[in-house]
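In my numbering, the protein residues as written are 148 to 580.
C-beta atoms are modelled at their ideal positions from N, C-alpha and C, and glycine is treated no differently.
Treat the numbers as computed from the prediction; the structure is a model and nothing was measured.
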């Protein structure tokens, strides 16, 4: 069969992902599906880089769908179904809302794809597609093939790698507890090493939800990949700072940036959201420890918890200026349809549901907060960005000077740090709907 795999456009006007448009991670999940499609002709399209070939003829079209890209996905699917192609959806959104998605596609993969894809292809070839495909067991990470990177657009300077899946934490705002792949699993370190060794890009981003859930595994992995001399970035919990040996191994292996979900400076909000691993009084010390190992820190802060009042914005800006952080992303609590938190707010009559699903991209208030209006919540986030824009721009020369020798040997990083996060463009306008 002739198969097309599509990732709809993420970088849309008004979306918070516009802040990351100098990065544009490659969709390795589509590369994995391509590797599972042996014997078929496969084309992979990342719509942030490439136009979708609507005029070409395909037998099967697979589309990865998130809530905020679902409207695009529906339009893409409708167009291809008119040509006679069968359309399959996969990802978080179809897993949570399969029946809605089936109004626009022929089949849904609800959950992980690895153990159902080959059977789905056989059914598609035979003209007997089922409506919903679900695996009856959790995927062993060692069964996940290397993604077919030759089919992915390599314009991005960052290559994505996944060593683990899932997370043992149960933060209330996170979608993971609502999907079948939340269980924490690790991939054989030799497999991860072999994949990274064959990546052309000099810079890697680990897409793992929480690679550090097993710190012994993480340290062994970092020891293994250190000789490859890649520069890499990763999401990490605050707890990594409790282990100096781990931090040194990260730095020695090429880690230049960690992205940490501090989430809030309000202790009551940490409790409300079940963010048990965070301690606000430790934020500054965590960053200082990472800086001692020459690792930059990007912090994520969320607004809109039931325990937040209108003072949370000025308090957050004040703390950010105190803790010597290198970059921040701030966003609004987003309730994804199909999750437990969405259903809770729905039962409370507090949802502001919109047919415009792009509003589910972390920059719009899609519910009524307890201690402010939705408009005040949105304006508070925009105002916080405005208050910090000049602060980060003033810090940029000093931050670059601190790492002059290191950065001059890595022009690919220097260019993107200046034009991206550390340069802190005026993104207050970009998060406006």
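- Contact annotation: the segment 224-238 does not touch the segment 462-480, with fewer than three C-beta pairs closer than 8 Å.
- For residue 242, the enclosing alpha helix (DSSP H) has its first and last residue at 239-243.
- Scanning the segment 244-296 from its first residue to its last, the whole alpha helix (DSSP H) runs of 4-plus residues come out as 245-248 and 264-273.
- Here residue 461 is exposed. Its C-beta has fewer than 16 other C-beta atoms within 10 Å.
- With respect to the C-alpha of residue 401, the residue from 430, 507, 440 and 210 having the closest C-alpha is 440.
- C-alpha of residue 322 to C-alpha of residue 508: approximately 13 Å in a straight line.
- DSSP places residue 476 within a strand segment (E or B) once states are collapsed to three.
- Listed in chain order, the non-local C-beta contacts of residue 179 below 7 Å within the same chain comprise 291, 292 and 294, local neighbours out to five positions each way being set aside.
- Fully contained in the segment 325-378 are the following beta strand (DSSP E) runs of length 3 or more, in chain order: 350-353.
- By the criterion of a C-beta distance shorter than 6 Å, residue 435 is surrounded by no residue of its chain, once the five residues flanking it on both sides are discounted.
- In the three-state DSSP reduction, residue 510 falls in the coil class, being neither helix nor strand.
- Taking residue 231 as reference, the option from 271, 459, 342 and 211 with the minimal CA-CA separation is 271.
- With respect to the 8 Å criterion, residue 233 and residue 288 are not classified as neighbours on the basis of their beta carbons.
- For residue 225, the number of other beta carbons within 10 angstroms of its own is below 16, and it is reported as exposed.
- Between the segment 202-221 and the segment 334-353 there are fewer than three inter-stretch CB-CB distances shorter than 8 Å, so the stretches are not counted as touching.
- One thing to note: residue 305 has its Cβ within 8 Å of the Cβ of residue 350.
- Note on residue 541: under 16 other CB atoms within 10 angstroms of its CB, so exposed under the neighbour-count rule.
- Taken through DSSP and simplified to helix, strand or coil, residue 299 comes out as coil.
- Put simply, the backbone Cα of residue 252 is about 18 Å away from that of residue 203.
- Under the DSSP assignment, residue 178 falls in the alpha helix (DSSP H) whose first and last residues are 175-182.
- Within its own chain, the residues whose Cβ lies closer than 8 Å to the Cβ of residue 386, once the five positions on either side in sequence are excluded, are 359 and 424, listed in chain order.
- With contacts defined as CB atoms closer than 8 Å, residue 303 and residue 173 qualify as a contacting pair.
- By DSSP's assignment, residue 380 forms a beta bridge with 352 and 404.
- Comparing alpha-carbon positions, the option among 263, 248 and 512 lying closest to residue 480 turns out to be 512.
- Separation of residue 539 and residue 205 (C-alpha to C-alpha, rounded to the nearest whole angstrom) is 48 Å.
- In this structure, the CA atom of residue 505 is about 39 Å from the CA atom of residue 366.
- Following the DSSP letters along the chain, one finds residue 499 in no alpha helix (DSSP H), marked with neither H nor E.
- Sequence-distant Cβ neighbours of residue 315 in its own chain, meaning closer than 7 Å and more than five residues away, are 331 and 360.
- Separation of residue 184 and residue 377 (C-alpha to C-alpha, rounded to the nearest whole angstrom) is 29 Å.
- The Cβ neighbour count for residue 525, taken over all protein chains shown within 10 Å, is at least 16; the residue is labelled buried.
- Taking the Cα of residue 516 as reference, the smallest distance to any Cα among 337, 496, 529 and 530 is reached at 496.
- Taking 8 Å as the cut-off, the beta carbon of residue 536 is found no closer than this to the beta carbon of residue 463.
- Here residue 449 carries a strand assignment [DSSP, helix/strand/coil].
- The DSSP-derived three-state label of residue 410 is strand.
- Nearest neighbour of residue 340 by Cα position, chosen from 373, 227, 264 and 273, turns out to be 373.
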